[in-house]
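Undergrad: The structure is given below, and queries will be raised subsequently.
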Amino acid sequence: MKLLVIAVSAALVNNVVLSRFLGLCPFLGVSKSIKTAAGMGAAVIAVVTVSSSICSLLYDYLLVPLDLVYLNTIVFILIIAALVQFVEMVLKKKSHALYESLGVYLPLITTNCCVLGTALTNVQDSYGLAESVVNGFGTSAGFCIAIILMAGIREKTQYNNVPESFKGMPIVLLTAGLMSIAFFGFAGIM
Amino acid sequence: MSGIIIAAVVVGGTGLALGFFLSIMGKKFEVPVDEKEAKVRELLPGNNCGGCGFAGCDACAKAIADGSAPAGACPVGGEPVAKQIAQIMGSSAGAMKRMTAWVCCGGDCEKAPAKYRYSGVQDCSVMPFLPDGGPKACTYGCLGFGSCVKACEFDAIHVQNGVAVVDREKCRACGKCVAACPRRLIRMVPYDNQYVVDCMSKDKGKDTMAVCKTGCIGCRICEKNCPADAVHVNDNLAAIDYDKCKNCGICAQKCPRKIIVQRF
Chain A
118 MKLLVIAVSA ALVNNVVLSR FLGLCPFLGV SKSIKTAAGM GAAVIAVVTV SSSICSLLYD
178 YLLVPLDLVY LNTIVFILII AALVQFVEMV LKKKSHALYE SLGVYLPLIT TNCCVLGTAL
238 TNVQDSYGLA ESVVNGFGTS AGFCIAIILM AGIREKTQYN NVPESFKGMP IVLLTAGLMS
298 IAFFGFAGIM
Chain B
316 MSGIIIAAVV VGGTGLALGF FLSIMGKKFE VPVDEKEAKV RELLPGNNCG GCGFAGCDAC
376 AKAIADGSAP AGACPVGGEP VAKQIAQIMG SSAGAMKRMT AWVCCGGDCE KAPAKYRYSG
436 VQDCSVMPFL PDGGPKACTY GCLGFGSCVK ACEFDAIHVQ NGVAVVDREK CRACGKCVAA
496 CPRRLIRMVP YDNQYVVDCM SKDKGKDTMA VCKTGCIGCR ICEKNCPADA VHVNDNLAAI
556 DYDKCKNCGI CAQKCPRKII VQRF
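So the protein sequences, as listed, match chains A and B.
Numbering-wise (our numbering), the first sequence opens with residue 118 and increments by one.
Numbering-wise (our numbering), the second sequence opens with residue 316 and increments by one.
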């Protein structure tokens, strides 16, 4: 039950993009079509879930016993960077079209703060391995939901008659703000 | 002291382990890359700015390698990078001609007078809303309000005596003026070609004569005299095929309207 609460709260209530404002770069950059957005979401889910489990293991069994907790940021970033490289390799081999459409945003998952943010929150809230994995999965699923919703809206606004001064990024940021307000409704669940 | 060593060992060890993992996986998931593509990619600046219109330097390198983009596709690298890429790609891709824009109208204030006086918004783009498409009597000629001047980022176009003129040295062939001209007067001409037809009027000779002292009347004298078969008249307008033109200048000498001009 506790795991379910963690997952739901990570995905919806404390949505990583819309209420914690992490990972905005790919959220705005790769949300032009639902297909690439879903690809990005899937890549982030893979990276965050795996990285939060490895980070949690390393933290509990390496950093804490050796009293090196202050090194957590640098070690986590190492792991995340390696994982992103790995995901990039796999995507390049298995799904070249997706690799191309994600373009420069794929290596940028490394600097996507939602990945490091999740790993650090796991440590801060002293989650165990299972809780970390669930939290990681929930958070990245939240990212996936947000980016796919955004892509859906953007695909529609393309056909709308947007005033000249709001064309392009401004209307996207406005949309993000409205979505963020809507997601505050989930706070009532908890 | 030992704390520092342990910290260094832990971070170094983690990095090393991950490095091993990545190199093994790199071999396992290796994707063969075109040799040319890799070389071209090395030459590109690598800041993934997207100025070339591709998703990043990798995508641009790929397009250059398979021939869908020219050797000079990267605007940041400019000429030095383009030359090196052309070497890799062989001379076929390297034989890129430098192009410059040219405003195809020689009808300045004296030669092509205005029909009426206009003192409204000074921009070519409003002209289609005016009677007869603007004050100029010729409905093809340069309006001289300088939409192209505003579009140019290199200060290469200026309006002189009512007609826009491109500075051949400053022009970088970005094509912004071509898109900005509502009368579609601006064409790309090879940098080395001396002679151009300085007119876009497709009116019959008599109608052109009525509105412009110099406009092309489609008399075909240039076509008959060209030794290289490079000039042809279509729709009452002479056009030079720059691939065939030998820069002999006979057409310019023979032109009764002096509308085939020597650029430099």
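Just so you know, even glycine gets a beta-carbon here, dropped at the ideal spot from N, CA and C.
Residue 459 of chain B and residue 481 of chain B - do their beta-carbons sit closer together than 8 Å?
TA: Taking 8 Å as the Cβ cut-off, residue 481 of chain B and residue 459 of chain B do not qualify as a contacting pair.
Undergrad: I need the DSSP call for residue 206 of chain A, collapsed to helix, strand or coil.
TA: It is helical.
Undergrad: For residue 398 of chain B, which of helix, strand or coil comes out of DSSP?
TA: Note: residue 398 of chain B maps to helix in three-state DSSP.
Undergrad: Comparing alpha-carbon positions, which option in A:207, A:214, A:159 and A:260 lies nearest residue 126 of chain A?
TA: Selected option, being the one with the closest Cα: A:260.
Undergrad: Would a C-beta distance cut-off of 8 Å place residue 462 of chain B and residue 434 of chain B closer than the cut-off?
TA: No, Cβ-Cβ distance for residue 462 of chain B and residue 434 of chain B is not below 8 Å.
Undergrad: Going straight from the alpha carbon of residue 267 of chain A to that of residue 397 of chain B, what length do you get?
TA: The straight-line gap from Cα to Cα measures roughly 39 Å.
Undergrad: When DSSP builds the beta bridges, which residues end up paired with residue 415 of chain B?
TA: DSSP output for residue 415 of chain B lists B:504 as bridge partner(s).
Undergrad: Cα-Cα, which of B:372, B:561 and B:570 is closest to residue 217 of chain A?
TA: When only C-alpha atoms are compared, the closest one is B:372.
Undergrad: Taking only runs that begin and end inside the region 140-201 of chain A, name each unbroken alpha helix (DSSP H) of 4 or more residues, in chain order.
TA: Within the region 140-201 of chain A, the complete alpha helix (DSSP H) runs of at least 4 residues are 141-146 and 151-175.
Undergrad: Please tell me whether residue 319 of chain B and residue 351 of chain B are closer than 8 Å, where the distance is taken between their beta carbons.
TA: Contact: no.
Undergrad: Apart from the five residues on each side of it in sequence, which residues of its chain come closer than 7 Å, Cβ to Cβ, to residue 526 of chain B?
TA: So the list reads 427, 452 and 453, once near-sequence residues are dropped.
Undergrad: Where do the N-terminal and C-terminal ends of the alpha helix (DSSP H) with residue 279 of chain A fall, by residue?
TA: First-last for residue 279 of chain A: undefined, no H or E at that position.
Undergrad: Can you name, in chain order, every residue of its own chain whose Cβ lies under 8 Å from the Cβ of residue 180 of chain A, other than the five neighbours on each side?
TA: If we look at residue 180 of chain A and ignore the five residues flanking it on each side, its Cβ neighbours are 186, 188, 189 and 192.
Undergrad: Does the distance from the C-beta atom of residue 570 of chain B to that of residue 543 of chain B stay below 8 Å?
TA: Contact: no.
Undergrad: Look up residue 409 of chain B in the DSSP assignment and say whether it is helix, strand or coil.
TA: Legend: pLDDT at residue 409 of chain B = 48, less than 50; position of this residue unreliable, value from coordinates given subsequently. Three-state result, residue 409 of chain B: helix.
Undergrad: Can you tell me which of A:302, A:272 and A:198 puts its alpha carbon nearest to the alpha carbon of residue 154 of chain A?
TA: Measuring from the Cα of residue 154 of chain A, the nearest candidate turns out to be A:272.
Undergrad: Any heavy atom of the ligand GTP inside 7 Å of the beta-carbon of residue 305 of chain A?
TA: Here there are no bound small molecules, and the ligand GTP is not part of this structure.
Undergrad: Tell me, please, which residues DSSP counts as bridged to residue 549 of chain B.
TA: DSSP, once it has assigned bridges, lists B:552 as partnering residue 549 of chain B.
Undergrad: Give me the Cβ distance between residue 255 of chain A and residue 170 of chain A, rounded to the nearest whole Å; I'm assuming they're in contact under 8 Å.
TA: With a Cβ gap of about 13 Å, residue 255 of chain A and residue 170 of chain A do not count as contacting.
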